[in-house]
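Residue numbers (the numbering used here): 583 to 796. Using N, Cα and C, we set each Cβ at its ideal position, and we do this for glycine too. One structure is given here, and the rest of the page talks about it.
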Amino acid sequence: MSKVAVITGASRGFGLTLAREFAANGWKVIGTGRSERPSDFPEDGTYEQFDASDAAACADFWKSLQNSDPGTTLCLVNNAGGYVSGGLLEVKLEDYESQMKSCYFSSVYMTRGLVSVAAQARVINVISTSALAAHKNNSAYGAAKAAEMHFFQAVQQEFTPQQYRITNLYPSSIASQGPDPHAIQPADLAAFVRAQAELTTSYYLRDVTLYPAQ
């Protein structure tokens with residue numbers, strides 16, 4: 583049985599780490615991103631360059647995959663999303679919109695596209711603890727992540743786990759921009775994400791908060 587992982591925001595940072603982790607463990611990886619394919623993307627992986635906050639582009643992407651082997655294990659990892667911080671008068675107005683597009687709408691459009699072509703799949707969402715509580719100077723990013731959380735918790739109730747097993751992850755911080763002993767290591771988190779995609783037990787994790795061990 584083949585295993586296909588679709589990973590958004592795979593051109594750099596944690597998304598690229600995810601692509602490498604899945605590819606190294608027997609998954610066919612399809613990465614997506616607005617930037618060009620990175621030189622260190624898995625050699626045998628596929629990379630599709632498009633903006634996941636564009637509904638039509640997402641629909642076209644999933645249509646191209648709808649004739650895949652019905653026995654394929656399919657996992658969508660919604661990882662795309664930028665980060666903007668600052669106070670109300672510091673953040674540009676257009677940045678509020680861009681945060682909703684990159685964090686929220688990209689997840690909505692990619693998940694809707696998946697459901698339109700696949701009867702069963704696993705969906706793993708890399709959200710943030712910013713969705714769980716409001717913080718000073720975090721209104722743009724936090725609101726976008728809170729919207730993403732609300733969306734997926736509603737969709738969890740719309741479908742059964744036999745249809746779409748949806749896991750929401752809330753990491754407090756990821757050392758995706760370089761070494762940080764007080765943040766979650768990207769390789770460790772990527773291995774955890776893959777483990778959820780491969781889980782065959784009688785249970786699964788719906789909403790999980792992750793904190794650094796130091």
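*Cβ pair Arg594, Pro624 closer than 7 Å*: Your numbering for residue 594 matches position 12 in the sequence shown. Your numbering for residue 624 matches position 42 in the sequence shown. Not a contact, by the Cβ cut-off of 7 Å.
*Ranges of the alpha helix (DSSP H) found wholly within the stretch 675-716, counting only runs of at least 4*: 675-681, 688-699
_Exposure of Val790, with buried meaning 16 or more beta-carbon neighbours within 10 Å_ = Taking the first residue of the sequence shown as position 1, residue 790 is located at position 208. Classification of Val790: exposed, given that the 10 Å Cβ count is below 16.
_Output needed for Ser758: all residues of its chain with C-beta closer than 7 Å, excluding positions within five of it in sequence on either side, in chain order._
In the sequence shown, counting from the first residue as 1, residue 758 sits at position 176. Gly595, Phe596, Pro768.
*asked:* I need the straight-line Cα distance from Ile748 to Ala700, nearest angstrom please.
replied: What you label residue 748 is simply residue 166 of the sequence shown in a count that begins at 1. What you label residue 700 is simply residue 118 of the sequence shown in a count that begins at 1. Their backbone Cα atoms lie some 14 Å apart in a straight line.
*When DSSP labels each residue in this structure, what does Ala662 get in the three-state scheme?*
Counting from 1 along the sequence shown, the entry for residue 662 is found at position 80. The answer is coil: DSSP assigns Ala662 none of H, G, I, E or B.
*In three-state terms, what does DSSP make of Asp626?*
Residue mapping note: residue 626 aligns to position 44 of the sequence shown, counting from 1. Three-state DSSP puts Asp626 in coil, outside helix and strand.
*Taking DSSP as the reference, what is the three-state secondary structure of Arg747?*
Sequence index remark: in the sequence shown, residue 747 carries index 165 (1-based). Arg747: strand per DSSP, three-state reduction.
*Report the option in Val705, Glu618, Arg619 whose CA atom is closest to the CA atom of Asn661.*
Working through the sequence shown from its first residue, we reach residue 661 at position 79. Comparing Cα-Cα distances from Asn661 to each of Val705, Glu618, Arg619, the minimum goes to Val705.
_Quick check: the Cα distance between Ser584 and Leu656, rounded to an integer number of angstroms?_
Locating residue 584 in the sequence shown gives position 2, counting from the first residue. Locating residue 656 in the sequence shown gives position 74, counting from the first residue. Straight-line Cα distance between these residues: approximately 9 Å.
*Using the C-alpha atoms, what's the distance from Leu792 back to Ala736?*
The sequence position of residue 736 within the sequence shown is 154, counting from 1. The sequence position of residue 792 within the sequence shown is 210, counting from 1. So the alpha carbons of these two residues sit roughly 21 Å apart.
*Output the distance between the C-alpha atoms of Ser698 and Ser646, rounded to the nearest integer angstrom.*
Here residue 698 is taken as the residue at index 116 of the sequence shown, counted from 1. Here residue 646 is taken as the residue at index 64 of the sequence shown, counted from 1. Roughly 12 Å between the two C-alpha positions.
*Taking the DSSP output, what are the residues bridged to Gly669?*
Taking the first residue of the sequence shown as 1, we reach residue 669 at position 87. None; Gly669 has no bridge partner.
*Give me the Cα-Cα distance between Leu696 and Trp644, rounded to the nearest whole angstrom.*
The residue given as residue 696 occupies position 114 in the sequence shown. The residue given as residue 644 occupies position 62 in the sequence shown. Their backbone Cα atoms lie some 6 Å apart in a straight line.
*In this structure, does DSSP put Tyr723 in helix, strand or coil?*
Position 141 of the sequence shown, counting from 1, holds the residue named residue 723. The answer is helix: DSSP assigns Tyr723 an H, G or I state.
*With Gly591 as the anchor, note down where its alpha helix (DSSP H) starts and where it stops.*
Residue 591 sits at position 9 when you count from the first residue of the sequence shown. Premise fails: Gly591 is in no alpha helix (DSSP H) and is neither H nor E.
*Relative to the alpha-carbon of Pro794, which residue among Ala772, Pro761, Ser755 has its alpha-carbon at the smallest distance?*
What you label residue 794 is simply residue 212 of the sequence shown in a count that begins at 1. Nearest option by C-alpha distance: Ser755.
*Please state if the CB of Ala634 and the CB of Met692 are separated by a distance shorter than 7 Å.*
Along the sequence shown, read from residue 1 onward, the residue named residue 692 stands at position 110. Along the sequence shown, read from residue 1 onward, the residue named residue 634 stands at position 52. Closer than 7 Å, so yes.
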